[in-house]
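So the sequences go chain by chain: H and F. End of the first sequence sits at 206 in the working numbering; the numbers just go up one at a time, nothing left out. End of the second sequence sits at 1712 in the working numbering; the numbers just go up one at a time, nothing left out. Each residue gets a CB set at the ideal place from its N, CA and C atoms; glycine is no exception. On a predicted model such as this, the values are computed, not experimentally measured, just so you know. Here is the structure we will look at.
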Amino acid sequence: MRSLVLCLALTLLTGCDRVREAIPLFGGAAPEPLPPITAAELAALPGPLIRVDLPVTGASARLGLAATNGPHRTYISPDQIGLVLRDGTLVATRGFSYDLMFADNEETRTALRSGGGSALVRVHRTLDGERHEVISSFVCDLRPAGTDTLAIAGQSVRTQLLRESCTGPEADFVNKYWIAPGGTLRKSIEWVGPETGYAEITHLRP
Amino acid sequence: MSAALLALLAPVATLGQYMTGETDIRLAAGALPPAPPPPTLSFYGTPGLIDMPTAEALPDGQLAFSTAYFAGSTRNTLTFQIFPRLAGAFRYSIIENENAGGRTLYDRSLDLAFQLVEEDRRLPGIAIGLRDIGGTSVLSSEYVAATKHLSPKVAITAGLGWGRLGTYDGFDNPLGALDDGFDVRETERDDPGGQLSGNYFQGDAAVFGGVEWRPTDRLSVVAEYSTDDYVYETGRGLFERESPFNFGAKYKVNDSITLGGYALYGTEIGITASISFNPKTPPNGFAAGAPLPVLRRAPGAEPLSVTPAVSTALRDAVSTALDAYGLGLDALEISGRRATLRMYNTTYESAPMAVGRAARVLTAVMPSQVDTFVIVPIVNGIPASAVTLRRGDLEDLEYAPDNAWTIYARSRLTGGAAEGKLPPAAYPDDLYPKLDFGISPYLQPALFDPDDPLRADVGLRFTASYEPSPGLVLSGSLKKRLLGNRDEADRDDPSELPVVRSDIARYAQEGDPALEYLTGEYFFRPGQDYYGRVTAGLLERMYGGVSGEVLWKPVDSRLGLGVELNYARKRDYDILFDFQDYETATGHASAYYDFGGGYLGQIDAGRYLAGDWGATFSLDREFDNGARVGAFFTRTDVSAEEFGEGSFDKGIRVSIPLNYLTGQPDRSSTGTSLRLVQRDGGQRLNVRNRLYGAVRDYHRPEYEDRSGAFWK
């Protein structure tokens, strides 16, 4: 709504030569979430595969592995949403209106391997409205939060749940990690930023 | 200070002491004092209470458009926080007349407000303001005001006003002690207005004040003691002023819109509405599909022998991939360990973002022995610059802290004249001739016609372009109105100069359909730091002719210099193929300077359309997302009397990229220049595709300022 008003104001002010259908006038219908993937569907799709759900917009998508650069895996969906994972954790997004350009979460990743930790520092880099880099630091505690059984592609997976509570000058958030025996991350809910909110990432085939 | 005003402020001051105590406890506990919320706007559309100003400043860069109405007076104001402490406002007011045979007054004014002291824990903010720097408006006044937040929720203001603000409960001007000239306000003018007035801070002064209380984040309640006696309006029978006290409430509907309602001067009800936004913060972020990821070369990958057939296949692959990301291939040459790509950016507002995406495409396609990428952005068929990147840097920095700055620091930006010249084999055979058609709707307003301040047309625009070879463009645009009322404009001001622009309304009336332009253009690079353009044909709606321009702009330089020479002949009012019998030679030498921080200065000196000689001075503030606000004025050898209303040409201009509004990738922008009066002195030709604006995106410091988006 705000964008509509702004455009109308600017149109009056400046004489918009072109009024674009691209302006999301009425916000659009809420997207239908994808149904859970079945074992047969998963078997038909090659390579590492993840599913992402965005609670803020209700959108969801499946992303395939597009490239591996050192420890960083870039997953991309058919509609050009990109997530970059390291050891399964989120370190960057691409294709969102408000991307996480890069997160240095090394201390969190180390603590995930050892089952928890405190005063972990993570540093997020985003772009402001002039596309200048903005650096935000958070201090986090990672604590075990019991066990949980996930259902992924018709299979049940027993996992250890860990909660990471983070505090920063502008925002606080809580990330959650579901880790299967052997240390493989099977699911996480991780904070992207104030506008995009959380991304819920399920590793359909790690 | 009047007893009535003291009575108004006394209970607030008591309340404030309590609140200040609370703030100190929070400070002792280590908390930062909460920043005061951004100011609300007054009836004048600038930070203030109701009719009275405060000493507050809007956030840096803020733009606010507001309208206010009470008792037959309407004030429409555009205000802009030019620097953190300096604000400018342009106002168009309408004052009705209830007297028999009285005419409605259409009045324009330009304000400046400067914050002398920023508010801190001890000191109040102090600001000095000039309302109507031209001094001819009935709203003309000056003030010095102080504002102190007693808590984030309560702010009190007191000030000393002159002019209109000294008309009620006024006293002899204290500045009279310095100079007798301040005692009486000079109101008689014998020039045509529009120049700086000399009557600032003259005449009686008075003390005004008020309080603003914000019970919630959205609501603001205001009370003030006004020292404006409304002599002019009451003389027109618009209302009775029975009390100096005004009361009101302002409600913030959302981040951009605020509405207000007021009880004024004991007899009237008033309303305000404002839309406010900050060009630094686009409403929708910046979306763009995820880029192609960097494909890192496998260790020990074998080099590929680049035969002509392989070269063509690789070029086609790069072209296909660039297309998918909204970029276009012009040419690609692989020579040893170096690949040079000439590419068009038709999609991304940010130049580094386009270069970053093209570079990632090359990592996916180029043979492993290629370790240097030279990306040459092509604008109007000529290289704007050349960006040299090391492939290893792209592979290592894709996901790393500070990767945007590091990739910029490790890349090399050069002029592109030499790097862009590729052998014929590098160009695809089927690229030229290029043919392009377009149809789009348009909305064209004509503002500030005194008879009807808001006219607008809506219609369709048909465009076509044909490029037989790089740099040579034949193009035209035809516009057909569907509905609108610009053709009703019927203002015919006599002019002592040749009528070169003041008959613009007749073109709007008689030119439908209008052939907006029909030109042949040739763009070229005369040398390493030089850019050239020749345009011939129907150059713009009002003139046809020939135009030539050369620009000197080294890629690293903040300074650009240019020369433009034109022969122009005035077109017929039907805006088709006929001409009138006015013709002239016009041209300018231009200097462009990027001061940094987004401030751009420009001076154009030369001969204008009416044969007058002089110079145009412009200052723009451009944000790194492309939104731009600026002001300009022109002084020529035409005297104020010959020029007519306004004395000399001046105006403000605003330009907003579509990308800013929608968040979607788009290189086009929309904008306009607002002149208070359109006269004939100091008028330039509006040639399309002037060179400086086209190349500076790809030059320093612009490219560096925007390099944050390289990896987006």
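Check: Lys1250(F): buried (16+ other C-beta within 10 angstroms of its C-beta) or exposed?
Finding: buried
Item checked: Proximity to Val1365(F) [Cα-Cα], best of Ala1386(F), Ser1319(F), Leu1086(F) -> Ser1319(F)
Next item on the list: Could you pull out every residue in the same chain whose Cβ sits closer than 8 Å to the Cβ of Glu1098(F), ignoring the five residues on either side in sequence?
Entry: Gly1072, Arg1236, Gly1237, Leu1238
Margin query: At the 8 Å Cβ level, is Pro1701(F) part of the contact set with chain H, yes or no?
Written below: no
Margin query: So, does the segment 1661-1673 of chain F touch the segment 1587-1606 of chain F, judging by three or more C-beta pairs under 8 Å?
Written below: no
Notebook entry, point to check: What residues in its chain sit with their C-beta under 6 Å from that of Glu1268(F), if we drop five residues either side in the sequence?
Noted result: Phe1070, Ala1071, Phe1239
Checklist line | Proximity winner among Val1294(F), Gly1170(F), Tyr1092(F), relative to Gly1392(F) (alpha-carbon distances) | finding: Val1294(F)
Next item on the list: Could you pull out every unbroken beta strand (DSSP E) segment of at least 3 residues lying fully inside the segment 1494-1545 of chain F, listed in chain order?
Entry: 1514-1527, 1530-1538
Check: Taking any Cβ of chain H, which residues in the segment 1611-1636 of chain F have a Cβ under 7 Å from it, in chain order?
Finding: Phe1623, Asp1624, Asn1625
Next item on the list: Determine, using beta carbons only, whether Asn105(H) comes closer than 8 Å to chain F.
Entry: no
Check: By Cβ distance, which residues of its chain are closer than 7 Å to Phe26(H), with the 5 residues on each side in sequence left out?
Finding: For Phe26(H), the predicted structure reports a pLDDT of 33, less than 50, and the residue's modelled location is therefore unreliable. The matter cannot be settled from this model.
Margin query: Less than 6 Å between C-beta atoms, sequence neighbours within five positions excluded: which residues of the same chain meet that for Arg1357(F)?
Written below: Pro1291, Tyr1325
Check: Can you check whether the CB of Asn1173(F) is closer than 8 Å to the CB of Asp1132(F)?
Finding: no
Notebook entry, point to check: Taking C-beta to C-beta, are Gly1611(F) and Thr1584(F) nearer than 8 Å?
Noted result: yes
Margin query: When you compare the CB positions of Leu1565(F) and Gly1587(F), do they come within less than 8 Å of one another, or not?
Written below: yes
Next item on the list: Have a look at Ala43(H) and Leu112(H) and give me their C-alpha separation to the nearest angstrom.
Entry: 29 Å
Note to self: My output table needs one value for Met1353(F): the three-state DSSP class, helix, strand or coil.
What the structure shows: helix
Check: When the Cα of Phe1083(F) is compared with those of Leu1341(F), Asp1217(F), Val1629(F), Ser1226(F), which residue comes out closest?
Finding: Val1629(F)
Check: By the criterion of Cβ-Cβ separation under 9 Å, what are the contact partners of Ile201(H) in chain F?
Finding: Result: empty, since nearest Cβ-Cβ is about 15 Å, beyond 9 Å.
Notebook entry, point to check: Is Asp172(H) close to chain F, meaning its C-beta is less than 8 Å from at least one C-beta of that chain?
Noted result: no
Note to self: Please list, in chain order, the residues of the segment 102-133 of chain H that have any C-beta partner in chain F closer than 8 Å.
What the structure shows: Phe102, Asp104, Val123, Arg125, Leu127, Asp128, Gly129, Glu130, Arg131, His132, Glu133
Next item on the list: Step through the CB atoms of chain F and report whether any lies within less than 8 Å of the CB of Ser97(H).
Entry: yes
Check: Who are the near neighbours of Asn1284(F) in its chain, counting only those whose CB is closer than 7 Å to its CB and skipping five residues on each side?
Finding: Thr1662, Gly1663
Checklist line | CB of Pro206(H) within 8 Å of CB of Ala171(H), strictly | finding: no
Next item on the list: Compare the C-beta of Ser965(F) with all C-beta atoms of chain H and state if any pair is closer than 8 Å.
Entry: It is not possible to answer for residue 965(F), since the shown part of chain F is limited to 1001 through 1712.
Next item on the list: Find out if the Cβ-Cβ distance for the pair Asn1380(F), Asn1659(F) is shorter than 8 Å.
Entry: no
Margin query: Is it buried or exposed, Ser114(H), if we count other Cβ atoms within 10 angstroms and call 16 or more buried?
Written below: exposed
Next item on the list: Grab the span of the alpha helix (DSSP H) containing Asn1229(F) for me, first residue to last.
Entry: The question names Asn, but residue 1229(F) is Asp in the sequence shown. Here Asp1229(F) belongs to no alpha helix (DSSP H), and DSSP marks it neither H nor E.
Next item on the list: Flag Ile76(H) as yes if its beta-carbon sits less than 8 Å from any beta-carbon of chain F, otherwise no.
Entry: yes
Notebook entry, point to check: Got a sec: is the Cβ-Cβ distance from Pro1299(F) to anything in chain H below 8 Å?
Noted result: no
Check: Hey, Thr1077(F) and Thr1046(F) are a contact pair by Cβ (cut 8 Å); roughly how many whole angstroms apart?
Finding: 7 Å
Next item on the list: Would you list, in chain order, the members of the segment 1685-1712 of chain F that have their beta-carbon closer than 7 Å to a beta-carbon of chain H?
Entry: Arg1706, Gly1708, Ala1709, Trp1711, Lys1712
Note to self: Let me check understanding here. Comparing Cα to Cα, which of Tyr75(H), Ser97(H), Gly95(H) lies closest to Thr89(H)?
What the structure shows: Tyr75(H)
Notebook entry, point to check: Taking the Cβ atom as the reference point for each residue, do Leu1397(F) and Thr1388(F) lie within a distance shorter than 8 Å?
Noted result: no
Check: Which residues mark the beginning and the end of the alpha helix (DSSP H) in which Glu130(H) is found?
Finding: No alpha helix (DSSP H) contains Glu130(H), which DSSP labels as neither H nor E.
Check: Counting only beta-carbon atoms, is Thr1586(F) nearer than 8 Å to chain H?
Finding: no
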